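Chemist:
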Amino acid sequence: MNRLLLAPLLDFGKDLIGRFFPDKEEARKAEAEFLRLAMDGELKQVIAQLQINAQEAAHPSIFVAGWRPWFGWIGGMGFGYAVLAQPLLAWLAAVKGWPVPPTLDADLLLTVAGGMLGIGGLRTYEKRAGVTK
-6 MNRLLLAPLL
4 DFGKDLIGRF
14 FPDKEEARKA
24 EAEFLRLAMD
34 GELKQVIAQL
44 QINAQEAAHP
54 SIFVAGWRPW
64 FGWIGGMGFG
74 YAVLAQPLLA
84 WLAAVKGWPV
94 PPTLDADLLL
104 TVAGGMLGIG
114 GLRTYEKRAG
124 VTK
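The opening residue of the sequence shown carries number -6 in this note's numbering; numbering runs sequentially from there.
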């Protein structure tokens, strides 16, 4: 389920539970069941995506199984150029009087690599786990 829709849906569900269950204990039990059902649906969606990923990785065609490694290699080469090669080439160009080599957009590299590595979800996980505020 879309995370942008999940929070308002959960809030709406809690409001409905509060109206139908005036007893605090019954409302708490109903809310726990509602949250369990919502998380169960999200867990099923994650499991389905993992199964799709496994089928793609096992596919014999490079055009199906190779797109993730291709993005990984391109991202790695981009970071290698942006972090190592470009600064060294810029220094060499300054010493030799050559034109400075182009720089890469680091924000774009971080976006692609963050998505590939799952870095974006780490902060959300930490917040939910109570590790940070």
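Just so it is clear, CB atoms sit at the ideal spot from N, CA and C, and this is done for glycine as well. This one's a predicted model, so the numbers in the text were calculated from it and none came from an experiment.
Can you find the residues in the same chain that come closer than 8 angstroms, C-beta to C-beta, to residue 64, ignoring five residues on each side of it along the sequence?
Modeler: Cβ neighbours of residue 64 beyond the five flanking positions: 105, 109.
Chemist: On the three-state DSSP scale, how would you describe residue 33?
Modeler: It is helical.
Chemist: Any chance you could list the alpha helix (DSSP H) runs of at least 4 consecutive residues sitting entirely within the region 77 to 108, in chain order?
Modeler: Here the runs fully enclosed are 79 to 89.
Chemist: How would you call residue 34, buried or exposed, if buried means at least 16 neighbouring beta carbons within 10 angstroms?
Modeler: Classification of residue 34: exposed, given that the 10 Å Cβ count is below 16.
Chemist: Can residue 41 and residue 51 be called in contact, C-beta distance under 8 angstroms?
Modeler: No; because the gap between Cβ atoms is not below 8 angstroms, this pair is not in contact.
Chemist: What's the gap between the Cα of residue 70 and the Cα of residue 56?
Modeler: Answer to the nearest angstrom: the Cα atoms are 20 angstroms apart.
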